[in-house]
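A.B. asks:
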Amino acid sequence: MTRLLGRTVVSTRSLGPVDRCTLDDGREVVVKRGDVAAEAAGLRWLAAARAVRVPEVLGADDTTLVTAAVPSGSASHEAAEEFGRSLAALHAAGAPAFGSPPPDGPADAWIGDAPMRNDPHDGSWLDWYLADRVQPYLRSAVDRGALSQDDVARIESASFDPGPDEPPARLHGDLWSGNVLWSPDGAWVIDPAAHGGHRETDLAMLALFGLPHLETVLAAYDEAAPLADGWRDRVGLHQLFPLLVHATLFGGGYGDAAVAAVR
Numbered sequence: 000m001t002r003l004l005g006r007t008v009v010s011t012r013s014l015g016p017v018d019r020c021t022l023d024d025g026r027e028v029v030v031k032r033g034d035v036a037a038e039a040a041g042l043r044w045l046a047a048a049r050a051v052r053v054p055e056v057l058g059a060d061d062t063t064l065v066t067a068a069v070p071s072g073s074a075s076h077e078a079a080e081e082f083g084r085s086l087a088a089l090h091a092a093g094a095p096a097f098g099s100p101p102p103d104g105p106a107d108a109w110i111g112d113a114p115m116r117n118d119p120h121d122g123s124w125l126d127w128y129l130a131d132r133v134q135p136y137l138r139s140a141v142d143r144g145a146l147s148q149d150d151v152a153r154i155e156s157a158s159f160d161p162g163p164d165e166p167p168a169r170l171h172g173d174l175w176s177g178n179v180l181w182s183p184d185g186a187w188v189i190d191p192a193a194h195g196g197h198r199e200t201d202l203a204m205l206a207l208f209g210l211p212h213l214e215t216v217l218a219a220y221d222e223a224a225p226l227a228d229g230w231r232d233r234v235g236l237h238q239l240f241p242l243l244v245h246a247t248l249f250g251g252g253y254g255d256a257a258v259a260a261v262r
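Numbering-wise (numbering that gives the first Met the number 0), the sequence shown opens with residue 0 and increments by one.
(1) With 16 other CB atoms within 10 Å as the buried threshold, where does Glu38 fall?
(2) Determine, using beta-carbon pairs with one atom in the stretch 12 to 31 and one in the stretch 73 to 84, whether at least three such pairs fall under 8 Å.
(3) So which of Pro95, Ala47, Pro101 has the shortest CA-CA distance to Ala88?
(4) Name the residue from Gly185, Asp164, Trp175 whose alpha carbon lies nearest to the alpha carbon of Ala74.
(5) Can you give me the Cβ contacts of Gly254 inside the same chain, cut-off strictly under 6 Å, excluding the 5 residues immediately before and after it?
(6) Between Gly33, Arg262, Cys20, Leu180, which has its C-alpha nearest Gly235's C-alpha?
(7) Cβ of Gly172 within 8 Å of Cβ of Gly196?
(8) Could you tell me which of Trp124, Gly122, Arg198, Thr7 sits nearest to Leu22, measuring between CA atoms?
(9) Would Pro100 pass as a contact of Ala106 if the rule is Cβ separation under 8 Å?
(10) Between which two residues does the alpha helix (DSSP H) holding Ile154 run?
(11) Tell me whether Gly196 sits in a helix, a strand or coil according to DSSP, three-state version.
(12) Beta-carbon separation of Ala59 and Val53 under 8 Å?
(13) How do the stretch 155 to 170 and the stretch 188 to 207 stand: do at least 3 beta-carbon pairs fall below 8 Å, yes or no?
(14) Using a 10 Å radius around the Cβ and a threshold of 16 neighbouring Cβ atoms, would you call Val9 buried or exposed?
(15) On a Cα-Cα basis, can you pick out the residue from Pro161, Gly162, Pro211 that is closest to Asn178?
(16) Going by beta carbon distance, what residues of the same chain come within less than 7 Å of Ala206, once the five residues before and after it are set aside?
(17) With 16 as the cutoff for other CB atoms within 10 Å, does Ala152 come out buried or exposed?
(18) Report all residues from its chain with a CB closer than 8 Å to the CB of Val263; omit the five preceding and five following residues, and keep chain order.
(19) On a Cα-Cα basis, can you pick out the residue from Gly83, Ser71, Arg19, Val17 that is closest to Ala218?
(20) Could you give the distance in angstroms between the alpha-carbon of Ala157 and the alpha-carbon of Arg116?
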């Protein structure tokens with residue numbers, strides 16, 4: 000902390016992959032170590048939209064990220080409505096292209112513990128999604144033993160309807176419920192895998208493992224930025240990517256879930 004913030008740590012509490020530290024000036028911070036350059040750039044990019052609440056990046060280098068700690072609270076109907084509206088505003092802030100990384104962010108990023116490559120794509124969202132978000136993880140899921148070659152053939156031969164064309168949205172990119180923190184002043188998002196993508200992807204990720212007041216979030220989002228007809232029918236398509244990531248990392252039933260999403 001002295002190197003990044005000029006402060007001394009007086010106490011530390013481990014929270015799994017991160018430490019929550021108290022500094023000598025009384026501030027509570029969260030410290031994450033590892034390959035954090037993409038996450039730091041993603042947090043700054045999301046914060047620049049002035050939409051969702053994002054912990055402030057207090058200091059970062061190639062191996063350490065320090066952010067302000069989020070005070071704990073609980074979800075409420077009102078907070079969920081505000082989150083839905085703010086998420087719509089975040090997506091509307093846009094991105095240069097599908098697959099584009101945050102400004103000054105590296106192309107080689109992460110989603111959880113899985114590598115994720117961000118390369119801007121000039122074509123359609125579906126072409127980019129299948130090439131850069133589905134294919135790489137099909138291969139790694141097979142290597143993990145989570146998918147068979149027949150499963151891969153079934154996914155690759157599927158016909159997907161992506162809905163009407165939409166411009167690239169500014170995505171959190173890993174918006175499962177564990178990356179949404181509820182505080183006394185509303186919802187915050189942490190641990191982004193930020194990139195330019197389709198806004199329905201973030202919404203599908205929220206639904207993957209459940210979120211308190213999810214239908215309230217979605218209704219507020221749809222009121223602020225109406226979703227294209229049939230968006231609920233496309234949830235499985237947008238969940239295919241995170242399911243394949245989980246199949247790659249954890250094996251188990253996630254490969255089966257990916258196949259089921261395609262069906």
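Using N, Cα and C, we set each Cβ at its ideal position, and we do this for glycine too. Note that the structure is predicted; figures quoted are calculated from it, not measured.
C.D. replies: Considering the structure as presented:
(1) As a position in the sequence shown, residue 38 is number 39, starting the count at 1. Label assigned to Glu38: buried.
(2) no
(3) One-based indexing of the sequence shown puts residue 88 at position 89. When each option's Cα is compared against that of Ala88, the closest is Ala47.
(4) Here residue 74 refers to the residue found at position 75 when the sequence shown is read from its first residue. Among Gly185, Asp164, Trp175, the Cα nearest to that of Ala74 belongs to Gly185.
(5) For this step, residue 254 is matched to residue 255 along the sequence shown. Here the set comprises Ala140, Ala145, Leu146, Ala246.
(6) Indexing the sequence shown from 1 puts residue 235 at position 236. Nearest option by C-alpha distance: Arg262.
(7) Residue 172 sits at position 173 when you count from the first residue of the sequence shown. Residue 196 sits at position 197 when you count from the first residue of the sequence shown. Their beta carbons are under 8 Å apart, which means Gly172 touches Gly196 by this criterion.
(8) As a working mapping, residue 22 is identified with position 23 in the sequence shown. Considering only alpha carbons, the answer is Thr7.
(9) Here residue 100 corresponds to residue number 101 of the sequence shown, with the count starting at 1. Here residue 106 corresponds to residue number 107 of the sequence shown, with the count starting at 1. Closer than 8 Å, so yes.
(10) Taking the first residue of the sequence shown as position 1, residue 154 is located at position 155. Residues 148 to 155.
(11) Mapped onto the sequence shown, residue 196 falls at position 197. DSSP places Gly196 in strand when its eight states are reduced to three.
(12) For the purposes of this step, residue 59 is taken as residue 60 along the sequence shown, with counting starting at 1. For the purposes of this step, residue 53 is taken as residue 54 along the sequence shown, with counting starting at 1. Their beta carbons are not under 8 Å apart, which means Ala59 does not touch Val53 by this criterion.
(13) yes
(14) As a working note, residue 9 is residue 10 in the sequence shown. Under this definition Val9 is an exposed residue.
(15) Residue numbering aside, residue 178 sits at position 179 when the sequence shown is read from its first letter. The option with the nearest alpha carbon to Asn178 is Pro211.
(16) The residue you call residue 206 lines up with position 207 of the sequence shown. Leu213, Val234.
(17) Stepping through the sequence shown from its first residue, residue 152 is reached at position 153. Exposed, since its Cβ has fewer than 16 Cβ neighbours within 10 Å.
(18) Look at the range of the chain in this structure, 0 to 262, and you will see that residue 263 is not part of it.
(19) Translated into the one-based positions of the sequence shown, residue 218 becomes position 219. For the residues Gly83, Ser71, Arg19, Val17, the minimum Cα distance to Ala218 belongs to Gly83.
(20) Position 158 of the sequence shown, counting from 1, holds the residue named residue 157. Position 117 of the sequence shown, counting from 1, holds the residue named residue 116. Cα to Cα, Ala157 sits roughly 24 Å from Arg116.
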